[in-house]
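Engineer: This structure is in structure tokens; I'll ask about it shortly.
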Amino acid sequence: MSQTRRKFINTILGIGGLGSLGAILYPLVSYLIPPKITEAKVNSVKAGKADKFKDNSYKIIKFGREPVILIKTVNGNFKALSATCTHLQCIVQYRKDLKEIWCACHNGLYDLNGKNISGPPPRPLKQYDVKIVKDEIIITR
Amino acid sequence: MGNYFNKIDKWLSDRYELDALKELIMHKKVPVHRHSVWYYMGGVTLFLFTVQVLTGILLLLYYKPGENSSYESVRFIMTHVKFGWLIRSIHSWSANLMILFAFLHMFSVFFSRAYEKPRELTWVTGFLSLAIALAFGFSGYLLPWNQLAFFATKVGTEIVGVVPIIGEPLKVILRGGEDVTGATLSRFFGIHVAVLPLVLTAFLVIHLLFVQKQGMHEPEKFKSLPEEKKKYIPFFPNFVLKDVLLWLVVFDVLLMLAVFLPWELGPKADPFTAAPAGIKPEWYFMFMFQSLKFLPAYILFLEGELVGVLGFGLAGLAWMLFPFIPFKNKPGAKISLQAAIGIFAVIYIIVLTILGYTL
């Protein structure tokens, strides 16, 4: 009789204990997960005057929260690509000597169309459109 | 003077059972042999940890975490606060030396096979302490919010994200969002000054209690000597005094490094600049960083970095559980399998580190 009573009480205590643990852990874990901050979606940005941009050079542009690399090639063409390396998210740069896009962190290389050509990057860089309107560079998705 | 000590001792002994504590300190003796020098590595690591705690507390007096204040406050410490440059430099150098001595301690324990029964858990707690020390290094590296720190943290947390299933949520929790921002800084600050000190102190206490309780490991050669040829010195006070002497030497070296090679701050972090050429992690992460560099984008159907991260994760786990792995060595073998694994690990770490700095 006393054994079943003991068992019963242990079970109740066990369930209660687990419940309490859950009631403590759930808010704790939820607190650790940062809330999502919604931001207005950016579809285009202005990136300065086209004639002031030297050939064979680059700039990192803020595209909302994302960095975009804007390159003016040796031929004077503009290219805009995501500047976030697809390997481990470092920010890439344009190598004037190689005429290619390079990530300093792990030696990844991309061509000017964003294609990953050597090193660890697993995917190409996303391309953006560049338009010149009245000498103003406009980058759009 | 001695009389006063005796009185205090008696006063305390009348109220508390001090004999057990005295026994714990006094019973231990330290073997004297050709490789005794390695017994000091753990003590030096412990000493450097106390230097870290003290200089860390001093830095806290002026450091202000935040995207717009971290870099500025560290610059303030280095340029306006009297001896601020010295305190920060000591903190950075001591951190590096602490990790160096922890590695020396670990490998000396490994090669003398001191991790074997009955000291398996001493090895495990030691390994976990080293892992926490590395986490200390990683989290502290971000706090000045400079360019190098920013990219190191970006890459480091991205690597966490590579781990299947739990990686991505863990990355977001660590970063305090999708990207490395001021939120990451706040979290790393909390982890660095509250969570890790608490956990490391707990592990160190357990580790030291185990060492004190079980005594020093004796190498095979020493054990096989006849009793009358075995030489020992008492742990307290003889060994402790020698320990303290070495701490003074290490402290001098630390001061020289801090004064003559002060730690730089570099440019402030900017999430919208390219990662600078020649970007490198701290030297103790270099062998892993360099390995990731060598991996191709894909190995079979898996992404290269995933293979790298899983490989290092499994290797670390096996290293921690090394005392529990049953090895069968051939009787006539010149070198044991354990030693061969250890030598491979050391060579791998050294070669990849050198390649990281030269390629």
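From first to last, the protein sequence lines stand for chains A and B. For the first sequence, our numbering gives the first residue as 84, with consecutive numbering after it. For the second sequence, our numbering gives the first residue as 806, with consecutive numbering after it. We put the CB at the ideal spot given by N, CA and C, even for glycine.
(1) Against residue 988 (chain B), what residues of chain A qualify as contacts under a CB-to-CB distance less than 8 Å, listed in chain order?
(2) DSSP state of residue 171 (chain A), grouped into three classes?
(3) Evaluate the contact criterion for the region 146-160 of chain A versus the region 948-960 of chain B: three or more CB pairs, one atom per stretch, below 8 Å.
(4) Assuming contact is defined by CB atoms lying nearer than 8 Å, are residue 155 (chain A) and residue 137 (chain A) in contact in what I supplied?
(5) Chain D partners of residue 1103 (chain B), CB-CB under 8 Å?
(6) Any idea which residues DSSP pairs residue 185 (chain A) with across the strands?
(7) Can you tell me which of B:903, B:812, B:1160 puts its alpha carbon nearest to the alpha carbon of residue 848 (chain B)?
(8) May I have a chain-ordered list of the alpha helix (DSSP H) segments no shorter than 4 residues that lie completely inside the region 976-1018 of chain B?
(9) Hey, residue 192 (chain A) and residue 202 (chain A): beta-carbon distance below 8 Å or not?
(10) Is it right to say residue 816 (chain B) is buried, meaning 16 or more other beta carbons lie within 10 angstroms of its own, or is it exposed?
(11) With 8 Å set as the bound, which would you pick, yes or no: does the beta-carbon of residue 1098 (chain B) sit closer than that to a beta-carbon of chain A?
(12) Note the first and the last residue of the continuous alpha helix (DSSP H) segment covering residue 1153 (chain B).
(13) Determine the extent of the beta strand (DSSP E) in which residue 873 (chain B) is found, giving its start and end residues.
(14) Does the beta-carbon of residue 1069 (chain B) have 16 or more other beta-carbons within 10 angstroms, so that it is buried, or is it exposed?
(15) For residue 1078 (chain B) and residue 151 (chain A), I'd like the C-alpha separation in whole angstroms.
(16) What residue range does the alpha helix (DSSP H) around residue 1109 (chain B) cover?
(17) Name, please, each residue of chain A whose Cβ falls closer than 7 Å to the Cβ of residue 996 (chain B).
(18) Can you confirm whether residue 155 (chain A), when its beta carbon is compared against all beta carbons of chain B, has any partner nearer than 8 Å?
(19) Might you give, ordered along the chain, the residues of its own chain that have their beta carbon closer than 6 Å to the beta carbon of residue 1160 (chain B), omitting 5 neighbours on each side?
(20) I want to verify the contact list: residues of chain B whose CB lies under 8 Å from the CB of residue 143 (chain A), in sequence order.
(21) Would you mind giving the Cβ-Cβ distance between residue 127 (chain A) and residue 221 (chain A), rounded to the nearest angstrom? I have them listed as a contact below 8 Å.
(22) Using the C-alpha atoms, what's the distance from residue 197 (chain A) back to residue 208 (chain A)?
(23) Taking C-beta pairs closer than 8 Å, name the residues in chain A that residue 940 (chain B) reaches, listed in chain order.
(24) Excluding five sequence neighbours on each side, which residues of the same chain lie with their C-beta closer than 8 Å to the C-beta of residue 1046 (chain B)?
(25) Considering Cα atoms alone, identify which of B:907, B:825, B:995 is closest to residue 861 (chain B).
(26) Once you ignore the five residues that flank residue 1041 (chain B) on each side, which residues in its own chain have a CB closer than 7 Å to its CB?
(27) Counting pairs of beta carbons, one from the region 1122-1131 of chain B and one from the region 968-981 of chain B, are three or more of them closer than 8 Å?
(28) Which residue marks the beginning of the beta strand (DSSP E) containing residue 807 (chain B), and which one marks its end?
(29) Taking beta-carbon pairs under 7 Å, can you tell me which members of the region 947-976 of chain B lie near chain A?
(30) Taking 8 Å as the CB-CB limit, is residue 150 (chain A) close to chain B?
Structural biologist: Answer, in terms of the structure:
(1) Per Cβ cutoff of 8 Å: 117.
(2) Per DSSP, reduced to three states, the secondary structure at residue 171 (chain A) is coil, with no helix or strand assignment.
(3) The answer is no - the region 948-960 of chain B does not touch the region 146-160 of chain A, with fewer than three Cβ pairs under 8 Å.
(4) In contact: residue 155 (chain A) and residue 137 (chain A) (Cβ atoms closer than 8 Å).
(5) Looking at the structure shown, chain D is missing, and the protein chains on hand are A and B.
(6) A:176, A:192, per the DSSP bridge assignment.
(7) When B:903, B:812, B:1160 are compared, the shortest CA-CA separation from residue 848 (chain B) is found for B:903.
(8) Counting whole runs of 4 or more residues, the region 976-1018 of chain B contains the alpha helix (DSSP H) stretches 987-995.
(9) Yes, these two residues count as a Cβ contact at 8 Å.
(10) In this structure residue 816 (chain B) is exposed. Its beta-carbon is surrounded by fewer than 16 other beta-carbon atoms within 10 angstroms.
(11) Contacts with chain A at 8 Å (Cβ-Cβ) include residue 1098 (chain B).
(12) In the DSSP assignment, residue 1153 (chain B) falls within the unbroken alpha helix (DSSP H) covering 1142-1163.
(13) DSSP places residue 873 (chain B) outside any beta strand (DSSP E), giving it a letter other than H or E.
(14) By the Cβ-count criterion, residue 1069 (chain B) is exposed, with fewer than 16 other Cβ atoms from all chains shown falling within 10 Å of its own Cβ.
(15) Roughly 10 Å separates the two Cα atoms.
(16) Run containing residue 1109 (chain B): 1109-1125, per the alpha helix (DSSP H) assignment.
(17) Simply none; closest approach about 12 Å.
(18) With 8 Å as the cut-off, residue 155 (chain A) does not count as an interface residue toward chain B.
(19) Short of 6 Å from the beta carbon of residue 1160 (chain B), and not among the five residues preceding or following it, lie these beta carbons of its own chain, in chain order: 1095.
(20) Ordered by position in chain B, the residues that pass the 8 Å Cβ test against residue 143 (chain A) are 1077, 1078, 1079.
(21) About 6 Å; that satisfies the 8 Å criterion.
(22) Residue 208 (chain A) and residue 197 (chain A): Cα-Cα distance of roughly 5 Å.
(23) Within chain A, not a single residue places a beta-carbon under 8 Å from that of residue 940 (chain B); the smallest gap is close to 17 Å.
(24) Cβ within range, chain order: n/a, list empty.
(25) Measuring from the Cα of residue 861 (chain B), the nearest candidate turns out to be B:995.
(26) Counting only Cβ-Cβ distances below 7 Å, and skipping sequence neighbours, we find 830, 831.
(27) The region 1122-1131 of chain B is not in contact with the region 968-981 of chain B.
(28) DSSP places residue 807 (chain B) outside any beta strand (DSSP E); the residue lies instead in the alpha helix (DSSP H), whose first and last residues are 807-820.
(29) Of all residues in the region 947-976 of chain B, 956, 959, 960, 963, 964 have a Cβ within less than 7 Å of some Cβ in chain A.
(30) Output row for residue 150 (chain A): interface = yes.
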